[in-house]
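Number of protein chains: 2
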Amino acid sequence: MEVSIRDVASRAGVSISTVSRILNNTATVSEKKMLAVKEAMEYYHYEPNQFARGLKKQTSNMIGVYFPNGADSIFEVSYYLELLKGIEKVMAYQNYSMVLISESKETESRKKHTPKYLEYIRQKRIDGLILSGLTNKSVEDNADVVWQIMEEGYPVVYIGKRVHKEGLNVYAQFEQYNVQMIEVLRNSGHKKVLLFMARSHNHYVKGVMDRIHSEIPDMEIFLRVTDSHFEPRDHVLQDIKEYVLRRGCTAVCARGIEDAQILLSVCAELQIKVPEQVSLLSVEHRYDAGTLLYPQVSSFYVPAKDMGVGAAELLIDYIENREVNETSIEYETKYIERNSIRRL
Amino acid sequence: MEVSIRDVASRAGVSISTVSRILNNTATVSEKKMLAVKEAMEYYHYEPNQFARGLKKQTSNMIGVYFPNGADSIFEVSYYLELLKGIEKVMAYQNYSMVLISESKETESRKKHTPKYLEYIRQKRIDGLILSGLTNKSVEDNADVVWQIMEEGYPVVYIGKRVHKEGLNVYAQFEQYNVQMIEVLRNSGHKKVLLFMARSHNHYVKGVMDRIHSEIPDMEIFLRVTDSHFEPRDHVLQDIKEYVLRRGCTAVCARGIEDAQILLSVCAELQIKVPEQVSLLSVEHRYDAGTLLYPQVSSFYVPAKDMGVGAAELLIDYIENREVNETSIEYETKYIERNSIRRL
DNA sequence: CTGTTAGCGCCTTCAT
DNA sequence: ATGAAGGCGCTAACAG
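For the protein sequence lines, the chains are A and B, in the order given.
The first sequence runs -12 to 331 under our numbering.
The second sequence runs -12 to 331 under our numbering.
The structure is reproduced here in structure tokens:
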């Protein structure tokens, strides 16, 4: 049996407006009625119906989270997981909830399919949107619509390199820390380095390589651009054989701890000692993730969880019309030296 | 500017009911009006307001997912991640979305705080709920309410050992495969085994130990019950020193690949060879996760993703009043032999 | 096949 | 301080 504001009102012997006032404490109500209403609410376990409330207020207290890069990778790549953790944390204390929006598979029916996250916005299911990884096709196809939405002032925060002048934005210095990784290795005397990058970052690749070539011209970089965020183990095995054993790379840069772990396992299999025979430098998105491996791996720490927190807070502030003093927040990357790099 | 069904109707020169009928294709409409309406919908980028629709139908096409064990662990333990993947997959093709429900921190204000997932149910935000890990306090405190909801026929599927006769349920044979792990080791000649279990599984511990003692009496089990789903590295280091080096365990059972990875790294640090000096047997929730390590670790595979799929499908079938032939699905665990166990 | 209309549950003026 | 009443956008009878 569904209980509505009416039931509460009648049990408490007041009108529904009084109940409503108490719910939203939008006016003072006499102590007596107050108590009666509270009693009735508890009695019925009353909770206001969100459809009705939303119909009036047009707000759902839900925010959408859309990471396009394939459903599975969201739950495998620690970068995304840390972002989610951060977002989740904010949701918990701000009394919002997050809706994970996944692209619905085949909607062949309509040719020009509206992506789900736009649908959710127009349907008012969500009060705001957190986006990351806009290199994905489904978004590029709809870039104009996304922009339009941002321009209309719809609350959107984008995590990553800014794609549009409007909207809120949170990012780390991807290009910069990739260059710094090479610098670190150069400073330890390395000259030939194997560098992994994900194809989804391919719009960064040129920038990174150009800067390396101009700023650190004496380095020989072997670039491996791969489809996913981390490589299947047997590919990595081949890569190590090719670039470390055959071509003589003395160091490898991993994109994340997942990569680093596989690299270490492959090296163990090939009986290549780290760091004695090959050095390893990684990126870590979870703080101290590098200490879980052996040897502990030196890393650039990208504070992904903080970025998630920042994104969510920014979004909610904006939604609730609070002051948003910055529309774009940059997060610092920190180098943590451990024991996986050998000084040549 | 918000566009409503009325705008569409007037531009198409029809009544709102005609538009509604087309939206829900709930009756046949003349070709001509059909086209006019479609045109108007595209023109306005019309999407039906979910509040209004929900107010009428009392259904949101969202399902709640609540895993109590602390927000962070959800995004760290591959068991939960695989469940999420499975659920997510179903959401995508069933046109539902999932709301991750996290306990809101301190709501000291009300003493007897209604947990958020119950709130969401009563507020009609979600059409059904997927729960896992009910050992958590916040749920135990509200066990009566949860049961009441299940008895009222509210759609809930519980992932794990059934806690109540009502409701839908999906589970793996936790007790059984834990015993089988010990059997596998016994069959390879091991007599002293270090076994990790999570505190959140402590209601299983007695059952597992009793069965081991009665079915495999010649084994000496050292049980380590830990707070989280996987141990901090330095704890593991101490454990290995204590149980393997000092007390002479010849094999270790890990609760998941996260554990196994740390164990391998610790063994590397202590220069203990796997499997030559100590054998390792793990549980894996992601298929073939054990092959990413070196040596590849023998595992009991728990099909967590399939369980997530099963849970979500069961739930949606139930919500949509389709036939639910089984109310409880058991998933088989599979032993995969690799290279981490030495025959003594 | 199509239009008119009565709510769905809540919030919010407007009176009192 | 409180109650009555209109309307948010949509669906589903009901009438034609």
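Glycine is no exception: its CB is placed at the ideal position from the N, C-alpha and C atoms.
is_contact[residue i, chain A] using C-beta, thresh 9 Å
i: His222/B; result: no
i: Ser252/B; result: yes
i: Thr278/B; result: yes
i: Arg109/B; result: yes
i: Val86/B; result: yes
i: Phe183/B; result: no
i: Leu71/B; result: yes
i: Tyr33/B; result: yes
i: Met168/B; result: no
i: Ser47/B; result: yes
i: Leu68/B; result: yes
i: Phe62/B; result: yes
i: Tyr164/B; result: no
i: Ile249/B; result: yes
i: Lys103/B; result: yes
i: Arg112/B; result: yes
i: Glu300/B; result: no
i: Ala14/B; result: no
i: Asp293/B; result: no
Any chain B beta carbon closer than 9 Å to residue i
i: Ala23/A; result: no
i: Glu95/A; result: In this prediction, Glu95/A has a pLDDT of 43, which is less than 50 and means its spatial position is unreliable; what the coordinates show is noted afterwards. Glu95/A does not count as touching chain B.
i: Leu42/A; result: yes
i: Ile328/A; result: no
i: Phe161/A; result: no
i: Asn36/A; result: yes
i: Ile(-8)/A; result: no
i: Arg198/A; result: no
i: Glu153/A; result: no
i: Ser89/A; result: yes
i: Glu(-11)/A; result: yes
With 16 other Cβ atoms within 10 Å as the buried cut-off, status of residue i
i: Asp246/B; result: buried
i: Tyr30/A; result: exposed
i: Glu130/B; result: It should be noted that the sequence gives Ala, not Glu, for residue 130/B. Under this definition Ala130/B is an exposed residue.
i: Pro204/B; result: exposed
i: Arg234/A; result: exposed
i: Ala14/B; result: exposed
i: Arg309/B; result: exposed
i: Ser47/A; result: buried
i: Leu105/A; result: buried
i: Leu22/B; result: exposed
i: Lys98/A; result: The predicted model places Lys98/A with a pLDDT of 44, which falls under 50 and marks its position as unreliable; any figure quoted below should be read in that light. With fewer than 16 Cβ atoms within 10 Å of its Cβ, Lys98/A is classed as exposed.
i: Asp226/B; result: buried
i: Glu218/A; result: buried
Residues near residue i in its chain [Cβ-Cβ closer than 6 Å; skip 5 each side]
i: Val231/A; result: Val265
i: Ile316/A; result: Val157 and Gly297
i: Lys321/A; result: Tyr288
i: Ile306/A; result: Asp114, Gly115 and Pro142
i: Ser96/B; result: Low local confidence applies: a pLDDT of 44 at Ser96/B is under 50, so the model's placement there is unreliable, with the coordinate-based value given in what follows. For Ser96/B, where only same-chain residues beyond five positions count, there are no Cβ hits under 6 Å.
Reference residue i; option with closest CA among the options
i: Glu300/B; options: Thr13/B, Phe38/B and Gln81/B; result: Gln81/B
i: Gln60/A; options: Ala185/A, Val1/A and Ser84/A; result: Correcting the residue identity first, residue 60/A is Ser in this sequence and not Gln. That would be Ala185/A, whose Cα lies nearest to the Cα of Ser60/A.
i: Ile108/A; options: Val311/A, Leu224/A, Glu139/A and His190/A; result: Glu139/A
i: Ile50/B; options: Leu116/B, Val195/B, Pro282/B and Gln167/B; result: Leu116/B
i: Leu42/A; options: Gln45/B, Glu256/B and Asn36/B; result: Asn36/B
i: Asp114/B; options: Glu90/B, Lys148/B and Met78/B; result: Met78/B
i: Gln248/B; options: Glu(-11)/B, Val64/B and Glu18/B; result: Val64/B
i: Ile(-8)/B; options: Glu34/B, Pro290/B and Lys19/B; result: Glu34/B
i: Ser119/B; options: Glu229/B, Tyr53/B and Glu271/B; result: Tyr53/B
i: Gln135/B; options: Gly147/B, Lys152/B and Lys148/B; result: Lys152/B
i: Asn165/A; options: Leu210/A, Asn312/A, Lys111/A and Leu302/A; result: Leu210/A
Contact set for residue i: own chain, Cβ-Cβ below 7 Å, skip 5 residues either direction
i: Asp(-6)/A; result: Tyr31
i: Val16/A; result: Thr5, Arg8 and Ile9
i: His177/A; result: Thr237, Ala238, Ser266 and Leu331
i: Lys72/A; result: Lys292 and Gly295
i: Met28/B; result: Val(-5)
Own chain, CB closer than 8 Å to residue i, minus 5 neighbours either side, in chain order
i: Ala255/B; result: none
i: Val171/B; result: Leu268, Ser285, Tyr322 and Ile328
Distance cut-off 8 Å: residue i Cβ against heavy atoms of the ligand SAM
i: Lys25/B; result: Ligands are entirely absent from the displayed structure, and the ligand SAM is therefore not among its contents.
Check: Which ranges does the beta strand (DSSP E) cover as unbroken runs of at least 3 residues, wholly within the region 165 to 229 of chain B, from first to last along the chain?
Finding: Within the region 165 to 229 of chain B, the runs of beta strand (DSSP E) that reach at least 3 residues and sit entirely inside it are, in chain order, 179 to 185 and 207 to 213.
Runs of 3 residues minimum, wholly inside the region 30 to 57 of chain B: which ones carry the beta strand (DSSP E) assignment? Here the runs fully enclosed are 49 to 53.
Q) Where in the region 231 to 269 of chain B do unbroken runs of the alpha helix (DSSP H), each at least 4 residues long, occur, reported from the N-terminal end onward? A) Runs of the alpha helix (DSSP H) inside the region 231 to 269 of chain B: 244 to 256.
Curious, which full-length beta strand (DSSP E) runs of at least 3 residues does the region 266 to 295 of chain B contain?
Counting only runs of 3 or more residues that sit fully inside the region 266 to 295 of chain B, the beta strand (DSSP E) segments are 266 to 271 and 285 to 288, in chain order.
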